[in-house]
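Chemist: Numbering (this note's numbering), first residue to last: 949 to 1196. We put the CB at the ideal spot given by N, CA and C, even for glycine.
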């Protein structure tokens, strides 16, 4: 059995779809479905159980991971970089993640979790070193702090612990994210709805529309997760991007 937190979200639902395609249907999907728009992400998935994210947290605190779980993909998070409630962001992204980490450590269960390239700040360098971390908002700070906690000295490790620093992921099943959906999603929908695409004005030395990001398709982000599921001897924090920037 595999647990996927954030399983109704963008990357989580694509991950479950890929697991289904590989023949894995014994999946516990953990999420918050108060936003029923996420149902469109999961109505074609095959899972063995659903648990509300708060109920799952309570189970972990009370009795640990359910028996028979062979891996946890912790994709759940508050990914809105504009949220002003720092206490909420730290609870969902940091405290909750620590609970998942402790449960995996206690049971000896591999943990593959979603970190973020936002830990590097605006300018990088985008290399997996502590000295390159410069978070600019509460979301980025919560991800940075958990990476440091998870791999801190003296931490009792899981047999496998992997943090994946996603860059700008785009693709299917992200429509529920609204304004936080990818630039690629917004530009595509602008084109099909209006026949035009609105680009950002030039700034910081960039011409209009020439701002650059490392865009990566969600299928590639999913493949990175599955790679580590299939290579249990590999642990660490890893960038998940193409390694090349492209303009909007």
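(1) Whole angstroms is fine: what's the gap from residue 1143's alpha carbon to residue 1175's?
(2) Residue ranges of each alpha helix (DSSP H) run of no fewer than 4 residues wholly in the segment 992-1047, ordered along the chain?
(3) Going by DSSP, what residues sit across from residue 950 in a beta bridge?
(4) Let me know the secondary structure DSSP gives residue 1129 once reduced to three states.
(5) Given residue 1076, which residues of its chain have a CB within under 8 angstroms of its CB, disregarding the five upstream and five downstream residues?
(6) Around the C-beta of residue 1111, are 16 or more other C-beta atoms found within 10 angstroms, so that it is buried, or is it exposed?
(7) Work out the CA separation of residue 1196 and residue 1122 for me, nearest whole Å.
(8) If the criterion is Cβ atoms closer than 9 angstroms, does the pair residue 950 and residue 1018 meet it?
(9) Rounded to whole angstroms, what is the Cα-Cα separation between residue 1180 and residue 968?
(10) Note down the Cα distance separating residue 1047 from residue 990, rounded to an integer number of angstroms.
(11) Which ranges would you report for the beta strand (DSSP E) in the segment 1087-1117 if only whole runs of at least 3 residues count?
(12) Excluding the 5 residues flanking residue 1061 on each side, which residues of the same chain have their C-beta closer than 6 angstroms to its C-beta?
(13) Going by other Cβ atoms of all chains shown within 10 Å of its Cβ, with 16 needed for buried, is residue 1005 buried or exposed?
(14) Under the three-state reduction of DSSP, which class applies to residue 1186: helix, strand or coil?
(15) Looking only at DSSP bridge pairs, what is residue 1064 linked to?
Modeler: Checking against the coordinates, here is how it stands:
(1) 39 angstroms
(2) Every alpha helix (DSSP H) of 4 residues or more that sits fully in the segment 992-1047 is shown, in chain order, as 1001-1011 and 1034-1038.
(3) 975 and 1019
(4) Coil.
(5) 1113, 1184, 1185, 1186 and 1187
(6) buried
(7) 18 angstroms
(8) yes
(9) So the two alpha carbons sit approximately 20 angstroms from each other.
(10) 25 angstroms
(11) 1109-1114
(12) 1022 and 1111
(13) buried
(14) strand
(15) 1114
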